[in-house]
Ligand SMILES: Cc1cc2nc3c(=O)[nH]c(=O)nc-3n(C[C@H](O)[C@H](O)[C@H](O)COP(=O)(O)O)c2cc1C
């Protein structure tokens with residue numbers, strides 16, 4: 001099939017989310033101005049560079065008066081956020097934290113997740129997640145919505161990674177070994193995948209490792 005976005009796909013559900021896959025899940029911790037923890041998953045999430053290490057999560061408009069979802073608003077207000085790696089063992093907890101709750105409700109507590117302090121930023125980390133990226137907010141790129149979801153903008157929230165936690169058990173022979181970690185990633189609809197097959201391929205321009 002072929003479709004132009006402006007003319008529609010003609011399917012019962014929008015296929016777009018199935019077409020750029022898998023999308024890693026940024027499980028984002030922030031703090032609001034009252035110090036309440038906010039935790040929510042974002043699959044429009046990725047690393048966008050490694051010098052400096054930078055990440056982004058993209059939020060559609062929320063329901064609040066200023067139309068920003070809590071993670072977006074808090075990342076800008078406090079200037080900091082943490083990305084927790086979402087893994088198979090935490091999938092149900094991750095899902096729970098996507099619930100739509102008032103901004104003064106701590107989703108980490110709601111999901112019964114133990115949080116531990118970060119080192120350089122104020123938002124805490126999900127203890128059972130094997131990798132955490134402590135980030136400082138850099139900028140938000142606004143993208144006007146087409147109207148499918150009502151008025152408002154999408155915000156692509158970009159942060160610079162200032163500190164990294166890796167579970168020591170993953171460091172083997174000086175490398176991060178992701179065997180057994182099972183990061184989960186989003187496909188379309190309510191479908192997910194697990195990164196549990198790892199293969200190696202050396203690019204033609206690179207010498208032997
Ligand atoms: C796996 C998963 C991925 C999601 N990805 C996004 C996303 O990329 N952008 C977005 O706006 N909402 C996304 N959501 C929905 C948000 O998690 C949800 O709106 C949440 O309530 C936002 O919380 P917050 O207002 O505390 O930031 C996702 C939900 C799930 C379960």
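In my numbering, the protein residues as written are 1 to 209.
Note that the Cβ used here is the ideal one computed from N, Cα and C, for glycine as well.
Counting of Cβ neighbours within 10 angstroms places residue 25 among the buried residues, the total reaching 16 or more. At least one heavy atom of ligand 1 lies less than 6 angstroms from the C-beta of residue 70. Secondary structure note for residue 47: its beta strand (DSSP E) is the uninterrupted segment 45-50. According to the DSSP assignment, residue 139 belongs to the beta strand (DSSP E) that extends over 131-144. Contact between the region 123-143 and the region 74-83 is established, with three or more Cβ pairs separated by less than 8 angstroms. Nearest to residue 125 by alpha-carbon distance, out of 16, 98, 39 and 2, is 39. The beta carbon of residue 47 sits closer than 6 angstroms to those of 55, all from its chain and outside the five residues before and after it, given in chain order. Taking C-beta atoms as the reference points, residue 185 and residue 15 fail to come closer than 7 angstroms.
Taking each of 34, 59, 49 and 52 in turn and checking the Cα distance to residue 43, the smallest one comes out for 59. Contact between residue 183 and residue 97 is absent: CB atoms are separated by about 16 angstroms, not below the 8 angstroms threshold. In this structure, the C-beta of residue 189 stays at least 6 angstroms away from each heavy atom of ligand 1. For residue 32, same chain residues with a beta-carbon under 8 angstroms away, outside a window of 5 residues either side, are 38, 70, 73, 74, 77, 78, 103 and 104 in chain order. Within the region 48-117, the beta strand (DSSP E) runs of at least 3 residues that lie entirely inside it are, in chain order, 53-59 and 80-85.
Listed in chain order, the beta strand (DSSP E) elements of length 3 or more contained wholly in the region 141-195 are 153-166, 184-186 and 192-194.
Within the model, the alpha-carbon separation for residue 162 versus residue 208 is close to 31 angstroms.
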